[in-house]
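The structure appears below as structure tokens.
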Amino acid sequence: MTPHHAVEITLTRPATTRELQRANRRVPLATNSDFTRLLVVQPAKSPGRAFRALRRLLDTQLPIDVMTTHYPDRLGRILLNVAFSHDAHRTIRHNAAALGQRPQDFLREAVTTAVDHHERQRIRHLTVRLESLLTENTTEELLLAAADILSRSHRSSTASQP
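For our numbering, add 20 to where a residue sits in the sequence shown, where the first one is 1.
As structure tokens, then:
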């Protein structure tokens, strides 16, 4: 039995009703409310093969930007599939060769580094904002305000569940 892979597709713009109807004839799709993200379950031996099959079926039907696996793999990674231009491919291959790496390893490292850098920037930004708040408020006041916001958020999310 062939395994199935849940793939999330992010579009470059909202899909039109006609585009979705044509694509749905090829592959059953679930859409979000603004038609910019789709979910599909694709039978394939691997996520990579699922990506290739979906690209073959849908690239001419929809404005696909990125595809990702919906669930992490055994190593906890979400796999990413991006279609690059010929110029981008050439640049990636050139930069990878300069470092003695395979293009996919170079790209994996570059993306991981960029995501880590972004997370560190977000934490620094949050730290600066919290330090600013601590100059005007006590720790207890901030904790009470945070607890109030979090409890309201939790109540509203549980109230919307069936």
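Beta carbons are placed, not taken as given, at the ideal position from N, Cα and C, and that holds for glycine.
This one's a predicted model, so the numbers in the text were calculated from it and none came from an experiment.
So, do the segment 40 to 50 and the segment 59 to 73 have three or more beta carbon pairs nearer to each other than 8 Å? Yes: the two stretches touch, three or more of their Cβ pairs being nearer than 8 Å.
Counting C-beta neighbours from all protein chains within 10 Å, is the total for Val27 16 or more, i.e. buried, or is it exposed? Stepping through the sequence shown from its first residue, residue 27 is reached at position 7. Counting Cβ neighbours within 10 Å, Val27 comes out buried, since at least 16 surround it.
I'd like the span of the beta strand (DSSP E) that includes Val61, first residue to last. Start at 1 with the first residue of the sequence shown, and residue 61 comes out as number 41. Here the beta strand (DSSP E) through Val61 covers Arg57 to Pro63.
Using 10 angstroms around the beta-carbon of Ile143, count the other beta-carbons present and answer buried if the total reaches 16, otherwise exposed. By 1-based counting over the sequence shown, the position of residue 143 is 123. Result: exposed.
When you compare the CB positions of Leu99 and Pro67, do they come within less than 8 Å of one another, or not? Along the sequence shown, read from residue 1 onward, the residue named residue 99 stands at position 79. Along the sequence shown, read from residue 1 onward, the residue named residue 67 stands at position 47. Yes, these two residues count as a Cβ contact at 8 Å.
Please determine if the segment 125 to 140 and the segment 152 to 163 are in contact, where contact requires at least 3 C-beta pairs separated by less than 8 Å. Touching, no.
Along the alpha helix (DSSP H) that carries Thr200, what are the first and last residues, could you check? What the structure shows of the chain is the stretch from 21 to 182, and residue 200 is not part of that stretch, so it cannot be assessed.
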